[in-house]
Amino acid sequence: KTWINHYRKWYDSQKQLLAASSPVSGPGCARKKKAKKALRRRHRNSSDLPPWPDVNADLVCEHGNLARACTLRAKRRLIEPAAWKILKQHYPASHMFSTLDQECPICTANAAAYQEAKKRECEEVKQAREAEIVEPVLQRLFQRRSGFPQHYHRGRTAIQSTGHRMPLLPGLYHVLPHSWLRAWRTYIRNHQAPRPLPPESSCLLCDAHMLPLETPHIEQFLGGLRESPLQNLTEEEKNNQILCEILTDDEYEALVELYPSDFHLCFSVDPDVFGVQWKSEPCRVCDAAHTNAQVQSVRMRQRRRSRED
């Protein structure tokens with residue numbers, strides 16, 4: 001099929017070139033000459049070459065047999081025996097294939113072996129990645145969608161009876177970016193996904209004082225104003241906040257064994273007053289969500305060089 005399309009293109013270009021080179025006379029001669037001149041210019045700029053001597057060159061594999069139909073440039077088209085006889089007269093070096101010819105057995109066997117090896121490799125990668133979450137704490141973290149450990153939730157009855165809105169049980173907790181955990185879950189689920197780098201805390205520190213930033217959705221969740229850190233987020237919150245998830249201490253320790261990091265953004269829940277005590281006091285000056293900042297369009301201006309330059 002590729003050869004036929006190329007032949008048609010070459011034949012049309014030769015036909016147009018022959019028409020442009022024929023003599024013209026009479027009224028409108030200048031206009032016709034100009035049009036033919038432009039046609040010859042297009043022909044010179046084109047890369048149309050005569051068709052190659054073997055009509056079925058794209059259908060011949062490296063072993064001299066009929067190539068597999070799924071290979072590149074190996075599309076086929078049936079023609080009548082009379083048409084093939086004429087092509088064979090003008091292109092005697094062409095290979096002839098009939099509808100009874102089978103595809104190359106060597107290429108077919110090699111393709112099947114490659115697919116089997118690729119499938120086996122994918123299965124080994126999948127098993128190796130699933131082995132990372134064989135522990136129950138990591139399996140629970142991998143399947144989590146709420147953004148916090150629900151098995152550490154105090155429950156509505158306990159919250160109403162004590163009067164404290166803190167939803168988490170007393171203990172030590174860690175905060176990790178949701179983007180990193182999403183990349184980690186994708187890495188475990190998809191064998192083609194790249195392995196994420198160890199988590200780092202630069203995105204959760206303010207630029208001015210290098211102190212932790214308590215994002216509003218985490219603050220609202222710990223204050224009992226939101227049922228989950230990641231549910232019912234508005235588009236403004238998704239765009240202006242660095243979304244985070246809350247991990248228990250055992251989940252974080254199991255994860256750090258696989259991805260060693262000096263990431264230390266954690267807090268503890270006091271068992272007496274159910275208050276939040278951050279290991280590093282968050283910055284109270286910088287805006288963690290930038291919701292109060294007005295959107296400003298800054299136009300880059302290029303100063304003109306002085307004549308002295």
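Residues in the sequence shown are numbered consecutively from 1, following the UniProt record's numbering. We put the beta carbon where it would ideally sit given N, CA and C, even for glycine.
Own chain, CB closer than 8 Å to residue i, minus 5 neighbours either side, in chain order
{"i": "R8", "result": "none"}
{"i": "H153", "result": "P167, L168 and L169"}
{"i": "L59", "result": "L66, A67, A74, R76, H95 and F97"}
{"i": "E132", "result": "L138, I188 and L258"}
{"i": "S161", "result": "none"}
{"i": "L247", "result": "L141, P149, Y173, H174, V175, L176 and L255"}
Beta carbon of residue i nearer than 8 Å to that of residue j
{"i": "E214", "j": "F263", "result": "no"}
{"i": "F142", "j": "S228", "result": "no"}
{"i": "S146", "j": "Q231", "result": "yes"}
{"i": "D249", "j": "H151", "result": "no"}
{"i": "A69", "j": "R76", "result": "yes"}
{"i": "S280", "j": "G171", "result": "no"}
{"i": "H217", "j": "L233", "result": "yes"}
{"i": "W3", "j": "P51", "result": "yes"}
{"i": "F212", "j": "L265", "result": "The displayed chain sequence assigns Pro, not Phe, to residue 212. For P212 and L265, yes; Cβs fall inside 8 Å."}
{"i": "C286", "j": "I242", "result": "no"}
{"i": "E135", "j": "A57", "result": "no"}
Cross-strand partners of residue i (DSSP beta bridge)
{"i": "I133", "result": "Paired residues: none, contrary to the question."}
{"i": "S268", "result": "L172 and Q277"}
{"i": "I246", "result": "V175"}
{"i": "E116", "result": "Looking at the DSSP assignment, E116 forms no beta bridge with any residue, so it has no partner."}
{"i": "V60", "result": "L66"}
{"i": "L205", "result": "P212"}
{"i": "E103", "result": "L66"}
{"i": "H153", "result": "L168"}
Spatial neighbours of residue i in its chain, beta-carbon cut-off 6 Å, leaving aside the 5 residues before and after
{"i": "R303", "result": "The pLDDT assigned to R303 is 37, lower than 50, so where the model puts this residue is not dependable, and the model offers no usable value."}
{"i": "Y91", "result": "P53 and V55"}
{"i": "H191", "result": "C122, V125 and K126"}
{"i": "T291", "result": "The pLDDT assigned to T291 is 44, lower than 50, so where the model puts this residue is not dependable; a value taken from the coordinates is nonetheless given after this. Once the five neighbours on either side are set aside, the close Cβ partners of T291 are N240."}
{"i": "D12", "result": "none"}
{"i": "H164", "result": "F274"}
{"i": "H209", "result": "C283"}
{"i": "H63", "result": "C104 and I106"}
{"i": "T157", "result": "none"}
Residue from the options whose Cα sits closest to the Cα of residue i
{"i": "S98", "options": "A113, P81, N110 and C266", "result": "P81"}
{"i": "D207", "options": "K238, Q127, N65 and P282", "result": "P282"}
{"i": "I159", "options": "K279, R284 and F274", "result": "F274"}
{"i": "P177", "options": "C244, L255 and M210", "result": "C244"}
{"i": "Q102", "options": "S261, V256, D272 and C61", "result": "C61"}
{"i": "E251", "options": "T157, R140 and A57", "result": "R140"}
{"i": "T71", "options": "G64, H209 and A111", "result": "A111"}
{"i": "R129", "options": "A57, A193, E219 and V256", "result": "A193"}
{"i": "R185", "options": "T157, R144 and E219", "result": "R144"}
{"i": "E237", "options": "L247, I246 and E219", "result": "E219"}
Other residues of its chain near residue i: CB distance less than 7 Å, five sequence neighbours each side excluded
{"i": "R44", "result": "Residue confidence for R44 is low, a pLDDT of 47 falling below 50, so the modelled location carries little weight and cannot support an answer."}
{"i": "R195", "result": "Y187"}
{"i": "K88", "result": "S94"}
{"i": "S261", "result": "P198, P199 and E200"}
{"i": "M300", "result": "In this prediction, M300 scores a pLDDT of 32, lower than 50, which makes its location untrustworthy; the coordinate-derived value is nonetheless stated afterwards. Excluding sequence neighbours, M300 sits near nothing in its chain."}
{"i": "P271", "result": "P170"}
C-beta neighbour in chain B for residue i, strict 8 Å
{"i": "I79", "result": "Given the protein chain composition of this structure (a single chain), no chain B is represented."}
- prompt: Do three or more CB pairs link the region 104–114 to the region 216–227 at distances below 8 Å?
  reply: no
message: Taking contact to mean 3 or more Cβ pairs, one atom from each stretch, closer than 8 Å, check whether the region 115–128 and the region 173–186 are in contact.
response: no
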